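Below: one structure, written as structure tokens.
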Amino acid sequence: MTAIDRVHVPLGDRAYDVVIGRGLLAQAGALIEPLLQRKQMAIVTETRVAGLHLDAVQAGLGAAGIASTALALAPGEATKGWAGLTEAVEGLLDAKVERRDIVLALGGGVIGDLAGFAAAILRRGVRFVQVPTSLLAQVDSSVGGKTGINTRHGKNLVGAFHQPALVLADIDLLDTLPARDFLAGYGEVVKYGLLGDAAFFDWLEANGPALAKGDRDLRHYAVRRSVEMKAGIVSRDETEQGERALLNLGHTFCHALEAATGYSDRLLHGEGVAIGCALAFDLSARMGLCAQETPSRVRAHLRAMGMATELADIPGDLPGAAALIDLMGQDKKVQDGQLRFILARGIGAAFVCDAVPMEALRSVLEDGLALQG
Numbered sequence: 014m015t016a017i018d019r020v021h022v023p024l025g026d027r028a029y030d031v032v033i034g035r036g037l038l039a040q041a042g043a044l045i046e047p048l049l050q051r052k053q054m055a056i057v058t059e060t061r062v063a064g065l066h067l068d069a070v071q072a073g074l075g076a077a078g079i080a081s082t083a084l085a086l087a088p089g090e091a092t093k094g095w096a097g098l099t100e101a102v103e104g105l106l107d108a109k110v111e112r113r114d115i116v117l118a119l120g121g122g123v124i125g126d127l128a129g130f131a132a133a134i135l136r137r138g139v140r141f142v143q144v145p146t147s148l149l150a151q152v153d154s155s156v157g158g159k160t161g162i163n164t165r166h167g168k169n170l171v172g173a174f175h176q177p178a179l180v181l182a183d184i185d186l187l188d189t190l191p192a193r194d195f196l197a198g199y200g201e202v203v204k205y206g207l208l209g210d211a212a213f214f215d216w217l218e219a220n221g222p223a224l225a226k227g228d229r230d231l232r233h234y235a236v237r238r239s240v241e242m243k244a245g246i247v248s249r250d251e252t253e254q255g256e257r258a259l260l261n262l263g264h265t266f267c268h269a270l271e272a273a274t275g276y277s278d279r280l281l282h283g284e285g286v287a288i289g290c291a292l293a294f295d296l297s298a299r300m301g302l303c304a305q306e307t308p309s310r311v312r313a314h315l316r317a318m319g320m321a322t323e324l325a326d327i328p329g330d331l332p333g334a335a336a337l338i339d340l341m342g343q344d345k346k347v348q349d350g351q352l353r354f355i356l357a358r359g360i361g362a363a364f365v366c367d368a369v370p371m372e373a374l375r376s377v378l379e380d381g382l383a384l385q386g
């Protein structure tokens, strides 16, 4: 395996590379400098990530003669709202970011989404570079140009498609993740196998435990394959008119569960994705779309990784099935008032379904909630 891979996202004049490898923070200046009009950057990050990685990023930029300022926001999903957006935009204006400058987003999915949206609206759009520091951000949220914030109505309901100019996915940064955060990101990795690559799911079944324990070559391959899949889908359907919706496997359930738990540490996004994928396969089996044993195989792998698989794995009380279905009604995939689910005819064979019988959905949720008792 080469030390550094580049996955190209071919989107015409918005095309960019995702660079995957080790030691990329030290090379950040050399990799970013060809994109700059002037050797100056503003960094948006959060305080935990800043303590771990900001010095290394600024040193990497400085090695190429790039001056930088940094704005460190509070960590956590609560920052990804109107107040956090205001703080980011005003901070970038304070830093005198100009129209031709590039903003650097250093952090996980929250910072990537927030800084990307701030860049999209700042001076009617400035470019930005993603330096994702979590597994979830490296394989999912940093690639594809979805940016945005949460509101009291739900998650990611305000935002813009704004593609990055470059993504630097440094595998070394995954060593600093708490185990829970790493496994939450793995929820998005396994999603790629489940939605469109059965051979990748087979590979994950064989290699997932060693990957979780820290094997960097396995981590590199998992990130690269995930990014390759997402880049291919995004290049064919940038603004989610069709195929890109497949990337939301498990997310209709996940977003309702995140809302029900108050976007808190009770449920991390990737944990919700894993539980949501299991529920999506339950629903698929209930509707006769896939074999009855397929959901068990999905859960067996997630459990082997030490991950949550059931509604009962979420601490605290959850609302009833009817309330969860109401929360699903705010999902961005709702069209003409109709819930849209990503279901599957088997592992690696996901599709968009607009005709889910409400009684089947209700029974899947009620069965899952019954396990809580």
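The sequence shown begins at 14 in our numbering and counts up by one. Where is the CB? At the ideal position from N, CA and C, for every residue including glycine. Computed from a predicted model, the values in this text were never measured in an experiment.
Of the listed residues Ala-211, Gly-221 and Lys-52, nearest to Met-318 (C-alpha basis): Of the candidates Ala-211, Gly-221 and Lys-52, the one whose C-alpha sits nearest the C-alpha of Met-318 is Gly-221.
For the stretch 310-346, which segments carrying the alpha helix (DSSP H) assignment without a break, of at least 4 residues, lie completely within its bounds, in sequence order? 334-341
Would you call the stretch 18-34 in contact with the stretch 60-75, where contact means no fewer than 3 C-beta pairs closer than 8 Å? no
Helix, strand or coil at Tyr-205 [DSSP, three-state]: Note: Tyr-205 maps to helix in three-state DSSP.
Going by C-alpha distance, which of Leu-315, Ala-192 and Glu-241 is nearest Ile-288? The alpha carbon of Ile-288 has as its nearest neighbour, out of Leu-315, Ala-192 and Glu-241, the alpha carbon of Leu-315.
With a threshold of 7 Å between beta carbons, is Glu-100 in contact with chain C? Although the question refers to chain C, the structure presented lacks it and comprises just one protein chain.
Does the separation of the CB atoms of Leu-356 and Leu-302 fall below 7 Å? Yes, they are a contact pair.
Compute the distance between the beta-carbons of Ala-406 and Glu-323, then report whether it is under 7 Å. No statement about residue 406 is possible, as the shown extent of the chain runs from 14 to 386 and does not include it.
Quick one: Cα of Ala-219 to Cα of Leu-292, how far? 23 Å
For the putative contact between Gly-167 and Ser-147, defined by C-beta atoms under 8 Å, what is the C-beta separation to the nearest angstrom? Not quite, the Cβ-Cβ distance comes to about 22 Å (not below 8 Å), so this is no contact.
Using a Cβ distance threshold of 8 Å, determine whether the stretch 155-174 contacts the stretch 127-142, with at least three qualifying pairs required. yes
Quick one: what's got a C-beta closer than 8 Å to Met-14's C-beta in the same chain, skipping five residues either side? Note that Met-14 scores 42 on pLDDT, short of 50, meaning its location in the model is unreliable; the coordinates nonetheless yield the value given after this. Contacts found: Asp-230, His-233 and Tyr-234.
With distance defined between alpha-carbon atoms, name the residue in Glu-103, Trp-95 and Leu-187 nearest to Ile-162. In terms of CA proximity to Ile-162, Trp-95 leads the group Glu-103, Trp-95 and Leu-187.
What does a CB cutoff of less than 6 Å around Ala-39 pick up in its chain, not counting 5 residues either side in sequence? Here the set comprises Gly-73.
Rounding to the nearest angstrom, what Cα-Cα distance links Ser-81 and Gly-42 in this structure? 11 Å
Which partner residues does Cys-366 have in the DSSP bridge list? Under DSSP, Cys-366 shares a beta bridge with Phe-354.
Three-pair Cβ contact test at 8 Å for the stretch 239-251 versus the stretch 197-216: yes
Using a Cβ-Cβ cutoff of less than 8 Å, which residues in the same chain neighbour Val-102 once the five nearest sequence positions on both sides are dropped? Ala-131, Ile-134 and Leu-135
Segments assigned alpha helix (DSSP H), at least 4 residues, entirely inside the stretch 167-252: 192-209, 211-226 and 229-249
What separation, rounded to the nearest whole angstrom, lies between the Cα atoms of Ser-376 and Ala-335? 10 Å
Check whether Val-70 and Thr-92 have beta carbons under 7 Å apart: no
By the 10 Å Cβ neighbour count, where 16 or more other Cβ atoms means buried, how is Gln-176 classified, buried or exposed? buried
Which first and last residues belong to the beta strand (DSSP E) in which His-21 is found? 17-22
Suppose you measure from the CA of Leu-217 to the CA of Asp-210; what does that come to, to the nearest Å? 11 Å
CB contact flag (Asp-30, Arg-19, <7 Å): yes
Assumed close pair Gly-263, Val-286 - CB separation to whole angstroms, cut-off 8 Å: 5 Å
Going by DSSP, which residues form a beta bridge with Val-159? Position check: residue 159 holds Lys in this sequence, whereas Val was assumed. For Lys-159, which the question treats as bridged, DSSP gives the partners Phe-174.
Taking Leu-98 as part of the alpha helix (DSSP H), name the residues at either end of that continuous run. 95-107
Using the Cα positions of Gly-329 and Arg-279, report the straight-line distance between them to the nearest angstrom. 8 Å
How many angstroms separate the CA atom of Leu-352 from the CA atom of Pro-370? In a straight line, the C-alpha of Leu-352 is about 10 Å away from that of Pro-370.
Going by the C-beta, is Ile-338 closer than 6 Å to any heavy atom of the ligand SAH? Here there are no bound small molecules, and the ligand SAH is not part of this structure.
Span of the alpha helix (DSSP H), counted from its first residue to its last, around Met-54: First-last for Met-54: 53-59, but that is the beta strand (DSSP E), not the alpha helix (DSSP H).
Alpha-carbon to alpha-carbon, Glu-201 and Gln-254: 21 Å
Best match in Ala-118, Ile-338, Thr-252 and Glu-111 for proximity to Ala-273 [C-alpha to C-alpha]: Ile-338
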